[in-house]
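Quick notes on the structure that follows.
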Amino acid sequence: MVEITEYTIVVFVSALFAVASISVYASFSQFESAAQTEGSFSSMVTLALSAEANGSARESLPLPDSTLSCRGGVLDLTTTTTNLRADVGESCSFSVPIEPGTWTVSFSLNGSTLAAEVT
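The sequence shown begins at 1 in this note's numbering and counts up one residue at a time.
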């Protein structure tokens, strides 16, 4: 009877460790995804500002399933969990749907209007 009780305790503790590990992994994955999205958006803002100064700019970036849009000089990256915004100072009017993956993001200045392309 003692062996059965010890075995039950060992199985129960092992199950608790497994559940805790899954929970920690899921939390870390969400944090990592959010950090990568914020980093990519920061790079996009820098590209947009560089395009305003130099006429064009491009860079390959890892991007989540999202939409990149710009209205009235405000650049916006919207995902299912995050909405990031930044003032880029130029007139703009575009919306680009993005599938997850690494894409080349290009910004160009056409007259006084900022344009974007994701390829």
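Note that the Cβ used here is the ideal one computed from N, Cα and C, for glycine as well.
Asked	Found
Cβ contact check for the segment 84-97 and the segment 37-47: 3 or more pairs under 8 Å	yes
Those residues which DSSP pairs with Asp87 across a bridge	Val74
Beta-carbon proximity list for Pro97, same chain, < 7 Å, skipping 5 on both sides	Thr67
Proximity to Gly111 [Cα-Cα], best of Asp76, Leu75, Cys92	Cys92
Complete beta strand (DSSP E) runs within the segment 5-32 (minimum length 3 residues, chain order)	none
Span of the beta strand (DSSP E), counted from its first residue to its last, around Gly101	101-110
Status (buried if at least 16 other CB within 10 Å, exposed otherwise) for Ala48	buried
Whole-angstrom C-beta distance between Pro64 and Phe79, which should lie under 8 Å	Note on residue identity: the sequence assigns Thr, not Phe, to residue 79. Yes, Thr79 and Pro64 are in contact; Cβ-Cβ is about 5 Å, under 8 Å.
For Phe28 and Gly89, the rounded distance between their alpha carbons	35 Å
Residue interval of the beta strand (DSSP E) (run including Thr113)	113-118
Bridge partners - Leu47, DSSP secondary structure assignment	Per DSSP, none; premise fails for Leu47.
Simplified DSSP state of Thr37, which is helix, strand or coil	helix
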